[in-house]
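J.: Chains as they are written, first to last, in our numbering: chain A, 1166 to 1384; chain B, 1166 to 1384. Quick reminder that beta carbons are idealized off the backbone N, C-alpha and C, glycines included. Sharing a structure below in structure tokens format, with a few things to ask.
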DNA sequence: TAGATTGTTAATCGATTAACAATC
DNA sequence: TAGATTGTTAATCGATTAACAATC
């Protein structure tokens, strides 16, 4: 029986995974939880906890064998390529189509859709742009599982419904709205303004506490 | 004394805030925690908890007055415009410069920097591109507080150090690397591949549990 | 008044950290 | 062996949820 690994653990493991790739390329053979902690900014206990949810990989006194740890993560994280489709080929959509980081991670954008006829038929970084009406058919044919919403706010809910009808199981949503979808469809919101504003709050709060009477360690 | 509001609360409040703007525009006068819950997908208890950290705004039996709630959030969240600078005017950087959602939220990109001479001097969506060497001077002159890293992985650590030297207090990092910066500089990582992969994990896990013997409610 | 909805407390849940026995 | 580092347990911390008294 597969133990279920929490979402937070997953996202940390993906960071470890990248570091291990670098380490392997540099010819490094072993790595300790303390080193991984140093390189990611997490605690060493956190690293060991995360790793241990994948089994007993390390050895006391030795640490982890880079190749072993790499293999453990690869196995559980991504076996085969994920097929993704993009909705909305505007500025952001085009940039996503040209994003260089997906190939190495087995993420492949297999088609793009737009409502604007002038964009349909184009090809960007090897990905063809289709009319949005073709989405349901193509999603099935290309076995896509995840959809990206890079359309404007006003179009987003309708596009989300198209995605659900097409059978996509997950949505990466770049529009700053809450999409209304069935509970079995997963949504990840990437909301630029919220990131900026929450970062700004951190800055302001740190300013206050630093200037204030109460002393606090910088996180 | 200002109670410190957690980062998670902040990001939810920003969602409420947008809904309130829409509601106000539609002429809606009152709104309940249950309605806000429905529109955001959070629980009603969560909504009330979040709101209560800003004081007693609502009234039993009545709910919240839209205008009042709006005002409370505005006051604590953003008083004045935040000045932001962008590093790296490639595909992603250009798309960010053209992102339409910032203006309404009092986020202004005041300058962009690139190492590539062919990009320097251009203007994108009203924002001038400067040589990266000019960053320290311009950051101070334009009173920028936050920097965006949209440069490739290989350049990112060096760019981060430039940002720190320039006096920026926060970094929105789009590169899939851990930036090494002093503890008093805040970093928000927006990592596309990690979002995809962790979403994919959710999908796979849901598939397993749904097909398996153990029954679980869809989240 | 009766009914509905807030504000808040207490209970629950989950995630992180500390600590240390196991062990190579 | 002595020393170092894992795996894991228990303690802590924080965030969410449930529940209900206050109250308009």
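(1) For the beta strand (DSSP E) containing residue 1296(A), name the first residue and the last one.
(2) Quick one: grab the DSSP three-state call for residue 1384(B).
(3) Shortest alpha-carbon distance to residue 1184(A) belongs to which of 1343(B), 1281(B), 1248(B), 1308(B)?
(4) Taking the C-alpha atoms as reference points, what is the distance between residue 1380(A) and residue 1221(A)?
(5) Any chance you could list the beta strand (DSSP E) runs of at least 3 consecutive residues sitting entirely within the stretch 1290 to 1339 of chain A, in chain order?
(6) Under a Cβ-count criterion, where at least 16 other Cβ atoms within 10 Å of its own Cβ denotes burial, should residue 1235(B) be classed as buried or exposed?
(7) Against chain B, with Cβ distances strictly below 7 Å, would residue 1277(A) count as a contact?
(8) Taking 7 Å as the limit between beta carbons, can you name the residues of its chain near residue 1385(A), skipping five residues before and five after?
(9) Counting only C-beta atoms, is residue 1359(A) closer than 7 Å to chain B at any point?
(10) So, with DSSP's three-state summary, where would you put residue 1377(B)?
(11) Would the beta-carbon of residue 1172(B) fall within 7 Å of that of residue 1363(A)?
(12) To the nearest angstrom, how far is it from the Cα of residue 1231(B) to the Cα of residue 1340(B)?
(13) Is there a C-beta anywhere in chain B that falls below 7 Å from the one on residue 1260(A)?
(14) Have a look at the DSSP bridge pairing and note the partners of residue 1288(B).
(15) Compute the Euclidean distance between the alpha carbons of residue 1186(B) and residue 1310(B), then round it to the nearest angstrom.
(16) Using a Cβ cut-off of 7 Å (strictly closer), state whether residue 1304(B) contacts chain A.
(17) Using the beta-carbon count (16 or more within 10 Å), is residue 1338(A) buried or exposed?
(18) Within 10 angstroms of the Cβ of residue 1360(A), are there 16 or more other Cβ atoms? Answer buried if so, exposed if not.
(19) Quick check: the Cα distance between residue 1178(A) and residue 1237(A), rounded to an integer number of angstroms?
(20) Kindly list the residues whose CB is nearer than 7 Å to the CB of residue 1358(B), restricted to its own chain and excluding five residues on each side of it in sequence; keep chain order.
(21) Could you name the residues of chain A that residue 1246(B) contacts, counting a contact when the two beta carbons are closer than 8 Å?
(22) Name the chain A residues that come within less than 8 Å of residue 1351(B), Cβ to Cβ?
(23) Which residues bound the alpha helix (DSSP H) around residue 1204(B)?
(24) Quick test of your reading: residue 1387(A) and residue 1297(A), contact by CB under 8 Å. State the CB separation rounded to the nearest angstrom.
(25) Assuming contact is defined by CB atoms lying nearer than 7 Å, are residue 1321(A) and residue 1289(A) in contact in what I supplied?
(26) Taking only three categories from DSSP, how would you classify residue 1226(B)?
(27) Could you check if residue 1397(B) is buried or exposed, using at least 16 other CB atoms within 10 Å of its CB as the buried criterion?
(28) Return the CA-CA distance between residue 1286(A) and residue 1328(A), expressed in angstroms with no decimal places.
(29) Using a threshold of 7 Å, state whether the C-beta atoms of residue 1275(B) and residue 1248(B) are closer than that.
(30) Kindly provide the ranges of any alpha helix (DSSP H) runs that are 4 or more residues long and lie completely inside the stretch 1234 to 1263 of chain A, ordered along the chain.
(31) Spatial neighbours of residue 1356(A) within its chain, please: CB distance less than 6 Å, with the 5 preceding and 5 following residues excluded, ordered by chain position.
(32) Hey, does residue 1198(A) have any beta-carbon neighbour from chain B nearer than 7 Å?
(33) Is residue 1278(A) helix, strand or coil when you go by DSSP?
(34) Closest Cβ-Cβ distance between residue 1270(A) and chain B: below 7 Å?
(35) Where does residue 1167(A) sit, in a helix, a strand or coil, going by DSSP?
(36) On the criterion of 16 or more Cβ atoms from any shown chain inside 10 Å, does residue 1227(B) qualify as buried, or is it exposed?
T.: This is what the structure gives:
(1) 1292 to 1296
(2) With a pLDDT of 30 at residue 1384(B), under the threshold of 50, the predicted position of this residue should be treated as unreliable, though the coordinate-derived value follows. If DSSP states are grouped into helix, strand and coil, residue 1384(B) belongs with coil.
(3) 1343(B)
(4) Any reading at residue 1380(A) must be qualified, since the residue scores a pLDDT of 35, below 50, and its modelled position is unreliable; the value itself is stated next. Straight-line Cα distance between these residues: approximately 41 Å.
(5) 1292 to 1296, 1311 to 1314, 1335 to 1338
(6) buried
(7) no
(8) Nothing about residue 1385(A) can be reported from this structure: the residues present for chain A run from 1166 to 1384 only.
(9) yes
(10) Because residue 1377(B) carries a pLDDT of 40, less than 50, the predicted location of this residue cannot be relied on, and the following value inherits that uncertainty. Coil, per DSSP.
(11) yes
(12) 39 Å
(13) yes
(14) 1293(B)
(15) 26 Å
(16) no
(17) buried
(18) buried
(19) 11 Å
(20) 1341
(21) Going along chain A, no residue has its Cβ under 8 Å from residue 1246(B), so there is no contact; the nearest lies around 11 Å.
(22) 1364, 1367, 1368, 1371
(23) 1198 to 1205
(24) One cannot answer for residue 1387(A) here, as it falls past the ends of chain A, which runs 1166 to 1384.
(25) no
(26) coil
(27) Absent from the model: residue 1397(B). The displayed extent of chain B is 1166 to 1384, so no value can be given.
(28) 20 Å
(29) yes
(30) 1256 to 1262
(31) 1341
(32) no
(33) strand
(34) yes
(35) Confidence is the limiting factor: at residue 1167(A) the pLDDT is only 47, short of 50, which leaves the residue's position unreliable and the question unanswerable from this model.
(36) exposed
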